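To keep things clear, I will list the structure first and then write my remarks on it.
Protein chains in written order, with my numbering: chain H, -16 to 122; chain L, 5 to 213.
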């Protein structure tokens, strides 16, 4: 089963707007290399799972993966061929809200070249532009 | 060994607060605060081109000249923007030239292991040293390490007057065997809904009525 919350306070949420840069979760904290978003967007649970598999297949036990995003928000959808109205649709899938600067994945135990190659594979699966980043100077 | 002390000429900052700091940054300067040694804290402005190379190169102790008065200061904290491109603020703490200070040193790892997986246990260590003997970040070369090898605090070289707070046998990094793992794709098709907080209790209340 893809990632999703175990308990929620509300099943459905309004869409809202993603404004500003990330002020939390924007530093490489656990590994040595991080995949940082440079755009705002929604990353679905299925995409996170696909990225996890791609990274694990590349590093093959030689490194460690840290997933820094979690799909907390539900996205609703209306069934096909139904008329408009009759209220909001039912939850269809779960997404993680990503702001510019959010670190989505971190890996450790591999060199820069390997991290770059690994994250290049992941970048193809993501709906946002990303970049490789390292720890801040002096940390 | 110890760094060459860098000198920074700063100017006092009379306008403080978020908006004024933002305006200051747009002119290429970095807001900073100088405090410590039982003196009043002073808000100052640093030239961005001066402070950034000092921070990136790992210098911890700097000479600060404010209106003709020079004092020794330690770079206590540096705030970066989201993408690590600009310094937003610097905390500078005045220190006496004859005192000892606690400083966190990042352990620099060079090279890549030829076999196994490198597990980093400690990324930085706290050291106590005289102000003018702040050592460079310790460098660990991992190219020649084999499986089950470990590097401890005792393997790092420090000058005599520098003391490390952690015990000598503290492991900094070790090389583990590569583990064979099976990558299983999770079933993403099943769409179970999460439990809604408070929903059961409402239902129970309705039943009771």
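Heads up, the beta-carbon is just placed ideally off N, CA and C, and yes, glycines get one too. This structure is a prediction, so every number in the text was calculated from the model and none was measured.
Please confirm whether residue i has its beta-carbon closer than 8 Å to some beta-carbon of chain C.
{"i": "residue 59 of chain L", "result": "Absence of chain C from the displayed structure is noted, the protein chains being H and L."}
Does residue i pass the burial test, meaning 16 or more other C-beta atoms within 10 Å, or should it be called exposed?
{"i": "residue -1 of chain H", "result": "exposed"}
{"i": "residue 35 of chain L", "result": "buried"}
{"i": "residue 71 of chain H", "result": "exposed"}
{"i": "residue 67 of chain H", "result": "exposed"}
{"i": "residue 228 of chain L", "result": "Because chain L here runs from 5 to 213, residue 228 of chain L falls outside it and cannot be looked at."}
{"i": "residue 201 of chain L", "result": "exposed"}
{"i": "residue 16 of chain L", "result": "exposed"}
{"i": "residue 14 of chain L", "result": "buried"}
{"i": "residue -11 of chain H", "result": "exposed"}
{"i": "residue 25 of chain L", "result": "buried"}
{"i": "residue 78 of chain L", "result": "buried"}
{"i": "residue 89 of chain L", "result": "exposed"}
{"i": "residue 85 of chain L", "result": "exposed"}
{"i": "residue 196 of chain L", "result": "exposed"}
Spatial neighbours of residue i within its chain, please: CB distance less than 6 Å, with the 5 preceding and 5 following residues excluded, ordered by chain position.
{"i": "residue 115 of chain L", "result": "145, 146, 147"}
{"i": "residue 74 of chain L", "result": "67"}
{"i": "residue 76 of chain H", "result": "27, 58"}
{"i": "residue 61 of chain H", "result": "72"}
{"i": "residue 59 of chain L", "result": "82"}
First and last residue of the beta strand (DSSP E) that includes residue i?
{"i": "residue 50 of chain L", "result": "43 to 51"}
{"i": "residue 75 of chain H", "result": "73 to 81"}
{"i": "residue 19 of chain H", "result": "16 to 20"}
{"i": "residue 50 of chain H", "result": "47 to 50"}
{"i": "residue 69 of chain L", "result": "65 to 70"}
{"i": "residue 115 of chain H", "result": "113 to 117"}
{"i": "residue 143 of chain L", "result": "143 to 145"}
{"i": "residue 154 of chain L", "result": "154 to 156"}
Would you mind reading off the limits of the alpha helix (DSSP H) that contains residue i?
{"i": "residue 170 of chain L", "result": "Element bounds for residue 170 of chain L: n/a, residue is neither H nor E."}
{"i": "residue 100 of chain H", "result": "95 to 106"}
Report the three-state DSSP secondary structure of residue i (helix, strand or coil).
{"i": "residue 88 of chain H", "result": "strand"}
{"i": "residue 56 of chain H", "result": "strand"}
{"i": "residue 27 of chain H", "result": "strand"}
{"i": "residue 55 of chain L", "result": "helix"}
{"i": "residue 95 of chain L", "result": "strand"}
{"i": "residue 5 of chain L", "result": "With a pLDDT of 45 at residue 5 of chain L, under the threshold of 50, the modelled position of that residue is not reliable, and the figure given next carries that caveat. Here residue 5 of chain L sits in coil by DSSP."}
{"i": "residue 83 of chain L", "result": "strand"}
{"i": "residue 24 of chain L", "result": "helix"}
{"i": "residue 0 of chain H", "result": "coil"}
{"i": "residue 186 of chain L", "result": "coil"}
{"i": "residue 128 of chain L", "result": "strand"}
{"i": "residue 109 of chain L", "result": "strand"}
{"i": "residue 179 of chain L", "result": "strand"}
{"i": "residue 30 of chain L", "result": "helix"}
{"i": "residue 18 of chain L", "result": "coil"}
{"i": "residue 100 of chain L", "result": "coil"}
{"i": "residue 203 of chain L", "result": "helix"}
{"i": "residue 78 of chain L", "result": "strand"}
{"i": "residue 137 of chain L", "result": "helix"}
{"i": "residue 198 of chain L", "result": "coil"}
{"i": "residue 36 of chain L", "result": "strand"}
Which same chain residues end up closer than 7 Å to residue i when comparing Cβ atoms and leaving out the 5 residues on each side of it in sequence?
{"i": "residue 50 of chain H", "result": "31, 35, 88"}
{"i": "residue 8 of chain H", "result": "51, 85, 86"}
{"i": "residue -6 of chain H", "result": "57, 74"}
{"i": "residue 47 of chain H", "result": "14, 90, 91, 92"}
Leaving out five residues before and five after residue i in sequence, what residues of the same chain have Cβ atoms less than 8 Å from its Cβ?
{"i": "residue 103 of chain L", "result": "134, 135"}
{"i": "residue 25 of chain H", "result": "56, 58, 78, 79, 80, 81, 110"}
{"i": "residue 105 of chain H", "result": "18, 34, 37, 38, 88, 113"}
{"i": "residue -14 of chain H", "result": "28, 31, 32, 53, 54, 77"}
{"i": "residue 4 of chain H", "result": "82, 83, 84"}
- [ ] Check whether the stretch 86 to 106 of chain L touches the stretch 39 to 52 of chain L, counting contact only when three or more Cβ pairs, one atom from each stretch, lie closer than 8 Å.
- [x] Two segments are said to touch when three or more pairs of C-beta atoms, one from each, lie closer than 8 Å; by this definition the stretch 86 to 106 of chain L touches the stretch 39 to 52 of chain L.
Open item on the list: Assess contact between the stretch 13 to 22 of chain H and the stretch 110 to 119 of chain H, defined as three or more Cβ pairs (one per stretch) separated by less than 8 Å. Is contact present?
Closed with: Touching, yes, given that three or more Cβ pairs across the two stretches are closer than 8 Å.
- [ ] Could you tell me whether the stretch 116 to 129 of chain L touches the stretch 89 to 98 of chain H, where touching means 3 or more Cβ pairs closer than 8 Å?
- [x] Yes, the stretch 116 to 129 of chain L is in contact with the stretch 89 to 98 of chain H.
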